Amino acid sequence: MASSSVHSGKVDPAILRTSDGGRKKKVEDVSIALVREYLSRKGYKSTLSALDTEVPRTEESISNRSVLVKEAGVVNIMKSNKKQPDPYRTIIEAIVNNQLETTPTTLTTPTNPTTPITPTTSVRTPPTPTSTTPITTLTTPITGPSRTINKTNGKPVTYSTTPTITTSARITTPTSTSTLDSTKKVTRYQSEDDSSKSIGTKITNDGGLLLYEDIEEDSSFLLDDKVVSHLFSSSRNSKGEQISYNTAIKLREVVFGSATTHSFNSEWRNQGFVFNKEVPSLSYGLVQHKGGPCGVLACVQSYIIKNMLFADGANSADGSTDAIPFINRKEQKELLCKSLAQILWKAGERKKATVTVRSWSPPVKSLTVRSRSYYPDQLTELLVVHSFLDFDQLQLFLLEYVDQFISAEEENAGCILFLYSVILSRGVERLKTDFDDANNTKLLGAHGYCSQELVNLFLTGAGTSNTFNGDIVIDEGTRDSQRLKGLYAQSEIGYLTLFEYYGSCKVGEFYKSPVYPIWVVCSESHFTVIFSLNKDIVDKNSCFSIIEFNIHYYDGLGQFMEPVILNLNLSQSVTMISLNLELMPPLELTLHTKWKGQINWSCDKIY
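The C-terminal residue of the sequence shown carries number 607 in UniProt numbering, and the numbering is unbroken.
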């Protein structure tokens, strides 16, 4: 779980140590959100309405309470408040109460002023970095609006600036650290981690290694791709190939739109599939550290829930209770690998699959030089590609290499490895035919957010651009006609979005009524998961007779301390006109696009 920004119950001043240009804006955004949360939970509707008139809400406004708690740096304060016999309902009250409790009422002068005062709380010393941070192509850190707290965890991060053009190529050995200029550093290719932390694939590559030098693309340069090293999985004889120059370019282009100007930000590079260790009742849940990869995490989470609750086609995990059993470490790995394998196999049309894992040995030369077509990102060029034609072998391989996907270490890039694996399982060219516009579509948008095509690819196996059933042809019969592609069959996992409430899109029944009672939810640029333990609510023969049921809600970024359960009573039908939309959480608005019943929370509503 991501480290808390609060120590000893006090607001960490590091929260405010952002750039001078952004600190005041951040303070203002958090402050106004705290006021709105106070007015909303106190029921001061007219005052809240007046505030919204004077200070209109924007896309950057914080409206999610869990995000606000983290952005304000009061996670520990709210946890402590929740344990009180009579907890305060608003964040401001909890902060004020904490301040009053921790502030002494009188000031005592030391009797011996010459005696140094020893702090009662420990001071954390930033760890000394043992290795250099890899170069990225980003000139500034990219973070999601209002969801990301920009922290470096005490480790320096160096970003590349304008490329330096040189006339000669410098040769370095694979295990050396080379400094290109005063601001650029290149990390070692050989892992300094022991084998127990990460299973690295070793590839032999004789000779020197060119690093980050500009050269022209000529025939001799492209011939390097013909020198391909092979390897075998130690126990499964799975043949792998070091990624080729052309494949690396295609991957970066389909993800970012270019292989030369963009790469993954730190939010993606530091995110793997890490399970919740803090709350036993949420042991099935994946933990998200920062904004960005939530689309990938939510989709994988939905498959984990499916395999946990509905293994072998069972109708429910336990029809008599909403309790979810504790999942131990071994079970977590097995559920994850089974879920990853199912997503990959579906993307490969249930005929084939591809898995990319990291190699800590040097890549081929053509991927270590900067050219007009490819700029190294210290990740894509280190991949080894494994292909499978058998599902069982695929799953066994994932179990063998699972540490590469679940590592909580920085730069583990588990989500990136799996994203690349899904793309290659589908095939880059095949994936482009799924898009409405193959020339102008990319899987990651601004701030590293996941596109609809990416979510559809993970849930259905095809990266179509829409959520409705079938295709819609615009201007049919004319030269300007365009085919918009949706879903062609009922999805195993459902999908609901707040954009439908706003009228921005249409979600078809293939998504609204999935095979399993599990839905990925898109709300305010963030993806989460809801699910029920009762499969009958999506059964076409019995769903209409069910008038009341429970829905579990899980947000990997929410730092929940207990399960969040919503009770839906369809006998108490409501309409959008009758709802108090100003005080309604976005999640409720999203749920009302499918169910029109009354919604009751097991806890305070989450905004």
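Don't be surprised by glycine CBs; every beta carbon is placed ideally from N, CA and C. Computed from a predicted model, the values in this text were never measured in an experiment.
Quiz item: In three-state terms, what does DSSP make of V402?
Solution: coil
Exercise. Go ahead and pull the three-state DSSP assignment for E548.
Key: strand
Self-check item: K442 versus A94 - alpha carbon distance
Solution: 43 Å
Practice problem: Look up S463 in the DSSP assignment and say whether it is helix, strand or coil. | Solution: A small fix is needed here, since residue 463 is Gly in this sequence, not Ser. If DSSP states are grouped into helix, strand and coil, G463 belongs with coil.
Quiz item: Does the Cβ of E500 lie closer than 7 Å to at least one heavy atom of the ligand PLP?
Solution: The ligand PLP is not part of the structure shown, which contains no ligands of any sort.
Practice problem: Counting only the same chain and skipping the five closest in sequence on each side, list residues whose C-beta sits under 8 Å from that of I304. | Solution: Y284, L286, L335, L336 and S339
Practice problem: Starting from the Cα of F264, find the closest Cα among A413, R329 and V75 and give me that residue. | Solution: A413
Self-check item: Whole alpha helix (DSSP H) elements within the region 490 to 545, 4-residue minimum
Solution: 498 to 501 and 509 to 512
Quiz item: Between W345 and the rest of its own chain, which residues show a CB-CB distance below 7 Å, the 5 nearest in sequence each way excluded?
Solution: A353, F391 and L394
Practice problem: Confirm, please, whether the CB-CB distance from S407 to G272 is below 8 Å. | Solution: yes
Quiz item: Apart from the five residues on each side of it in sequence, which residues of its chain come closer than 6 Å, Cβ to Cβ, to G445?
Solution: S451
Quiz item: Are at least three pairs of beta-carbons, each pair with one atom in the region 458 to 465 and one in the region 476 to 491, less than 8 Å apart?
Solution: yes
Self-check item: Cβ contact check for the region 48 to 67 and the region 538 to 551: 3 or more pairs under 8 Å
Solution: no
Quiz item: Hey, M78 and V67: beta-carbon distance below 8 Å or not?
Solution: no
Practice problem: Would you kindly report the start and end of the unbroken beta strand (DSSP E) that includes F468? | Solution: That residue, F468, is in no beta strand (DSSP E); it is neither H nor E in DSSP.
Quiz item: In whole angstroms, what separates the C-alpha of R41 from that of G558?
Solution: 19 Å
Quiz prompt | Status (buried if at least 16 other CB within 10 Å, exposed otherwise) for N600 | solution = exposed
Quiz item: Near V422, which residues of its chain fall below 8 Å by C-beta distance, leaving aside the five closest residues on each side in sequence?
Solution: I343, L344, A347, L457 and F458
Exercise. Quick one: give me the first and last residue of the beta strand (DSSP E) that F388 is part of.
Key: L383 to F388
Exercise. Could you check which residue in T53, T497 and F388 has the C-alpha nearest to that of V507?
Key: T497
Quiz item: Helix, strand or coil: which one does DSSP assign to W601?
Solution: strand
Quiz item: Which partner residues does F275 have in the DSSP bridge list?
Solution: L286
Self-check item: Contacts around P517, its chain only, beta-carbon distance under 7 Å, and the 5 residues preceding and following it disregarded
Solution: F531, S532, N534, K535, I537 and V538
Practice problem: Report all residues from its chain with a CB closer than 6 Å to the CB of L583; omit the five preceding and five following residues, and keep chain order. | Solution: S40
Quiz prompt | Length of the line joining the Cα atoms of R372 and T260 | solution = 7 Å
Exercise. Determine, using beta carbons only, whether F397 and F388 come nearer to each other than 8 Å.
Key: yes
Quiz prompt | Contacts around S234, its chain only, beta-carbon distance under 6 Å, and the 5 residues preceding and following it disregarded | solution = Note that S234 scores a pLDDT of 42, beneath 50, so its modelled location is shaky and nothing firm can be said.
Quiz item: What do you get for Y44, buried or exposed, if any count of 16 or more other CB atoms within 10 angstroms of its CB means buried?
Solution: exposed
Practice problem: Check whether the Cβ atoms of L417 and R358 sit closer than 8 Å, and answer yes or no. | Solution: yes
Quiz item: Given that a residue counts as buried once 16 or more other Cβ atoms are within 10 Å of its Cβ, and exposed if not, what is D434?
Solution: buried
Quiz item: By how many angstroms is the C-alpha of Y511 removed from the C-alpha of G200?
Solution: Because the pLDDT at G200 is just 43, under 50, the model does not fix this residue reliably, and the value given afterwards should be weighed accordingly. Approximately 38 Å, taken between the alpha carbons.
Practice problem: Name the one or two DSSP bridge partners that Y375 has. | Solution: None; Y375 has no bridge partner.
Practice problem: Decide if A298 is buried, meaning its Cβ has at least 16 other Cβ atoms within 10 Å, or exposed. | Solution: buried
Self-check item: Top-ranked residue by Cα proximity to E349, from N567, R426 and T356
Solution: R426
Quiz prompt | Span of the beta strand (DSSP E) around T356 | solution = A353 to R358
Exercise. Kindly indicate which residue of R269, I472 and V35 has the alpha-carbon position closest to the one of E410.
Key: R269
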